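S.K.: The opening position of the sequence shown corresponds to residue 25 in this note's numbering, with each subsequent residue numbered one higher. Pasting a structure here, questions to come.
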Amino acid sequence: MTDSFPILSRPGAAVPFTAPKRPVHVVFIHCSASDHAVHDDAAVIDQWHRQRGWRGIGYHFFIRGDGTIQRGRALEQIPAAQEGHNSGSIAICLHGFKTFTPAQFDALRRLADAMDAAYAGQGKRLRWRGHREVAAKLCPNFDYRAVLGLDEGGFRSASPSI
């Protein structure tokens, strides 16, 4: 199923990232709300979102259980991921509901490092938030603040605790 959603990075590998031309100031973290192995692919998320009447996958990146990062929606497109907060954002989804892997958290940190570096090169700093901060949801169902080493304002510190 991965043919239509190319792999950006394999587990443990460098993550290439170029900031989109559109303004971005915040990154939202999501989870797929499924631990089923058959749902561990961006193509499945794309299918779910199309069934809701959307134009396709709403997230820019999907992190599989093994830590593989797949590209989703084009970065130049505004996500369809957190209603009322899509403009100026990038959306990342991790496969999982109750079960997430160290490989996924490593991939999320590597992607965050690449994104932060790209924006730092422009003199900007990204804010990192969970979907649950702007919606009555539990998403994502893990401590993303600890994984990313976020301060009280949602900005990354030098050393995450997980």
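Glycine included, each C-beta is placed from N, C-alpha and C at the ideal position. Note that the coordinates shown come from a computational prediction; the quantities given were computed from them, not determined experimentally.
(1) Going by DSSP, what residues sit across from Trp152 in a beta bridge?
(2) Alpha carbon to alpha carbon, what distance is there between Phe121 and Ala57?
(3) Given a threshold of 16 other Cβ atoms within 10 Å of its Cβ, counted over all protein chains shown, does Gln94 qualify as buried or as exposed?
(4) At which residues does the alpha helix (DSSP H) containing Phe129 begin and terminate?
(5) Identify, in the order they occur along the chain, each residue of the same chain with its Cβ nearer than 6 Å to the Cβ of Ile53, setting aside the five sequence neighbours on each side.
(6) Hey, His119 and Ile87 are a contact pair by Cβ (cut 8 Å); roughly how many whole angstroms apart?
(7) Determine the direct distance from the alpha carbon of Leu172 to that of Trp152, and round the result to whole angstroms.
(8) Report all residues from its chain with a CB closer than 7 Å to the CB of Asp59; omit the five preceding and five following residues, and keep chain order.
(9) Which one or two residues does DSSP pair with Ala115 in a beta bridge?
(10) Alpha carbon to alpha carbon, how far is Leu132 from Thr92? Give it in angstroms, no decimals.
(11) For the segment 65-80 and the segment 97-107, state whether three or more C-beta atom pairs, one from each stretch, are separated by less than 8 Å.
M.R.: Concretely, from the data shown:
(1) On the sequence shown, position 128 is the one that residue 152 refers to. The beta-bridge partner set that DSSP reports for Trp152 consists of Val51.
(2) Counting from 1 along the sequence shown, the entry for residue 57 is found at position 33. Counting from 1 along the sequence shown, the entry for residue 121 is found at position 97. Ala57 and Phe121 have their C-alpha atoms roughly 4 Å apart.
(3) Here residue 94 is taken as the residue at index 70 of the sequence shown, counted from 1. Buried is the label assigned to Gln94, since at least 16 other Cβ atoms lie within 10 Å of its Cβ.
(4) Position 105 of the sequence shown, counted from the first residue, corresponds to residue 129. 126-144 is the extent of the alpha helix (DSSP H) around Phe129.
(5) Taking the first residue of the sequence shown as position 1, residue 53 is located at position 29. Around Ile53, the same chain offers Ile116, Gly154, Pro164, Tyr168 as residues with beta carbons nearer than 6 Å, after the five sequence neighbours per side are excluded.
(6) Translated into the one-based positions of the sequence shown, residue 119 becomes position 95. Translated into the one-based positions of the sequence shown, residue 87 becomes position 63. Contact between His119 and Ile87 holds, since their C-beta atoms are separated by about 7 Å, short of 8 Å.
(7) Taking the sequence shown and counting its residues from 1, the one referred to as residue 152 is at position 128. Taking the sequence shown and counting its residues from 1, the one referred to as residue 172 is at position 148. When rounded, the distance between both Cα atoms is 8 Å.
(8) For the purposes of this step, residue 59 is identified with residue 35 of the sequence shown, where counting begins at 1. Beyond the five residues adjoining it in sequence on each side, Asp59 comes within less than 7 Å, by CB distance, of Gly120, Phe121, Lys122, Thr123 in the same chain, given in chain order.
(9) As a first step, residue 115 must be located in the sequence shown, where it is residue number 91. According to DSSP, Ala115 bridges with Phe52.
(10) Within the sequence shown, the letter at position 68 stands for residue 92. Within the sequence shown, the letter at position 108 stands for residue 132. In a straight line, the C-alpha of Thr92 is about 10 Å away from that of Leu132.
(11) With a cut-off of 8 Å, the segment 97-107 and the segment 65-80 count as touching, because enough Cβ pairs lie within range.
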